[in-house]
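S.K.: Quick one: the structure is below, and I'll ask about it shortly.
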Amino acid sequence: MMNMKPSRASWRWTLGLILTLFLTPGVTAQSGDLLTALGELGIQAQETEFGDYELSDGRFRVQLSGIPTPVASPENIAFTRQLFSALNGTDLFEPRNIRLTLGQQDARAVVLLRNLRIEERDILQYLPSGLTFVFDGALFYDFNMIINELRLRIRGQYFSAEELFERLIRIANSPEEYLLSQDSEYVMRYLRGVRAEQEEILNQLSAIQTQIAGIITRQDEFAEQQVAQDAHLGRSDETAQNILDQLVMLRYGVMLLNNRGFFGSMNDVTRDDVMTVVGWKQENPSLTRKEIEQRIKEQELDLSGKEVWLTLILFFNEWE
3 MMNMKPSRAS
13 WRWTLGLILT
23 LFLTPGVTAQ
33 SGDLLTALGE
43 LGIQAQETEF
53 GDYELSDGRF
63 RVQLSGIPTP
73 VASPENIAFT
83 RQLFSALNGT
93 DLFEPRNIRL
103 TLGQQDARAV
113 VLLRNLRIEE
123 RDILQYLPSG
133 LTFVFDGALF
143 YDFNMIINEL
153 RLRIRGQYFS
163 AEELFERLIR
173 IANSPEEYLL
183 SQDSEYVMRY
193 LRGVRAEQEE
203 ILNQLSAIQT
213 QIAGIITRQD
223 EFAEQQVAQD
233 AHLGRSDETA
243 QNILDQLVML
253 RYGVMLLNNR
263 GFFGSMNDVT
273 RDDVMTVVGW
283 KQENPSLTRK
293 EIEQRIKEQE
303 LDLSGKEVWL
313 TLILFFNEWE
């Protein structure tokens, strides 16, 4: 069940008046006739500098435009009827501004909302241009959502506000999934980029692994030297531990750099969970990746299969 803030019911009366205007016999395509009819209904109309009209009853505004004047064709009347029937039939819309265009070849309405919260989430922030409705034998919507710098085109036939807003919350929760399901060309471009990036990461990882192997060798040699030189001072353990800590930090940093999400975002890794896996492997070197993943599931650690794979590579040089 969606939790949506209802609008004030009082504005339905005004929408009904506007709807009546477009369905009343005798209303023609001439702007003068429209303005006269509006005035009789108590709705103020003022011509703007752009040659269209702004209608207002003090509660919300409707901007009516046309090419060159509003065209009262059967298609435009049907569109207007369905649009206002949709707006007037729900409490989920709370319009701030509605711009209605009725031309020879174009009938559309842009609805800017005052607010739109679905399941306690602010959806309005993803709709910079509002909701656009068009008519093609039936009422359709066609507008953009911008989520995490992704521009998503949302299109479909309008059946109800509930159905539309349920779709919006699903897209807001999983924009990447929606994008991949709608844009096959984008998917191919992205996969080509992913393959190239993976090859580059593997090359970098191989070079880093070589560096780590050299560091481990030098660390072991240095630790042995320090044990021999500083045994009488009791400092060898501390020195060796410092080196080990630095090596762990280096490995952990490499893991973070290579643990990116589907769209390149960096995913954090819980260091304590990583070291838990390292401890298991040190206690039982024959432990496989599958066995480790089973233990992680049983103990509810926050590590993915990819993160286990990176741990085995960076700490044990196992490229399973």
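Just add 2 to the spot in the sequence shown (first one is 1) and you have my numbering.
Just so you know, even glycine gets a beta-carbon here, dropped at the ideal spot from N, CA and C.
#1: With a threshold of 16 other CB atoms inside 10 Å of the CB of A198, please say whether the residue is buried or exposed.
#2: CA-CA distance, F317 and A215?
#3: Please state whether DSSP places T134 in a helix, a strand or coil.
#4: Determine contact between the stretch 168-178 and the stretch 142-155, defined as no fewer than three beta-carbon pairs at a distance below 8 Å.
#5: Could you spell out where the alpha helix (DSSP H) holding L307 opens and where it closes?
#6: Here's a check: name, in chain order, each residue in its chain whose Cβ is nearer than 6 Å to the Cβ of D275, leaving out the five neighbours to either side.
#7: To the nearest angstrom, report how far apart V310 and Q200 are at their CA atoms.
#8: I need the straight-line Cα distance from F137 to Y128, nearest angstrom please.
#9: In or out: P97 buried (at least 16 other Cβ within 10 Å) or exposed?
#10: Opposite A111 in the DSSP bridges: which residues?
#11: Rounding to the nearest angstrom, what Cα-Cα distance links D144 and Y160 in this structure?
#12: Could you check if F81 is buried or exposed, using at least 16 other CB atoms within 10 Å of its CB as the buried criterion?
#13: Would DSSP call G207 helix, strand or coil?
#14: Are the beta-carbon atoms of N146 and L104 separated by less than 7 Å?
#15: What residues are listed by DSSP as bridge partners for Q159?
#16: When you compare the CB positions of N102 and L154, do they come within less than 7 Å of one another, or not?
#17: Report yes if the C-beta distance between G132 and L114 is below 7 Å; otherwise report no.
#18: A1 and F142 look like a contact to me (Cβ under 8 Å); what is the Cβ gap, rounded to whole Å?
#19: Buried or exposed, going by whether 16 or more other CB atoms sit within 10 Å of the CB of F224?
#20: Count the other CB atoms, across all protein chains shown, that sit within 10 Å of the CB of F265; report buried if there are 16 or more and exposed otherwise.
#21: When the Cα of D124 is compared with those of L85, F167 and E51, which residue comes out closest?
#22: If distances are taken between C-alpha atoms only, which option among L207, L181, A140 and S162 comes closest to S156?
#23: Give me the residue from K283, S208, L126 and D108 with the minimum Cα distance to L94.
#24: Would you call the CB atoms of I120 and I171 closer than 7 Å?
#25: For L154, write down the residues that DSSP places opposite it in a beta bridge.
#26: Based on Cα-Cα distance, which residue from R297, E300, V280 and I298 lies nearest to Q315?
#27: Would you mind working out which of I100, N319 and G158 sits nearest T212, comparing C-alpha positions?
M.R.: Here's the rundown:
#1: With fewer than 16 other Cβ atoms from the protein chains shown falling within 10 Å of its own Cβ, A198 counts as exposed.
#2: 10 Å
#3: strand
#4: yes
#5: Going by the sequence as given, residue 307 is Gly instead of Leu. Per DSSP, G307 belongs to the alpha helix (DSSP H) from G307 to F318.
#6: L303, D304 and L305
#7: 17 Å
#8: 24 Å
#9: buried
#10: L102 and F135
#11: Note on geometry: alpha-carbon atoms of D144 and Y160 lie some 10 Å from one another.
#12: buried
#13: With the sequence shown as reference, residue 207 is identified as Leu, and Gly is not the correct amino acid for it. Three-state result, L207: helix.
#14: Taking C-beta atoms as the reference points, N146 and L104 fail to come closer than 7 Å.
#15: F142
#16: The sequence as given places Leu at residue 102; Asn does not occur at that position. Not a contact, by the Cβ cut-off of 7 Å.
#17: yes
#18: Because the chain in this structure spans residues 3 to 322, residue 1 falls outside the shown range and cannot be described.
#19: exposed
#20: At F265 the pLDDT is 47, less than 50, meaning the model places this residue with poor confidence and gives no usable figure here.
#21: F167
#22: Inspection of the sequence shows that residue 156 is occupied by Ile rather than by Ser. Among L207, L181, A140 and S162, the Cα nearest to that of I156 belongs to L181.
#23: Answer by Cα proximity: L126.
#24: Taking the C-beta atoms as reference points, I171 is found nearer than 7 Å to I120.
#25: M147
#26: Note on residue identity: the sequence assigns Ile, not Gln, to residue 315. The candidate whose alpha carbon is nearest that of I315 is V280.
#27: N319
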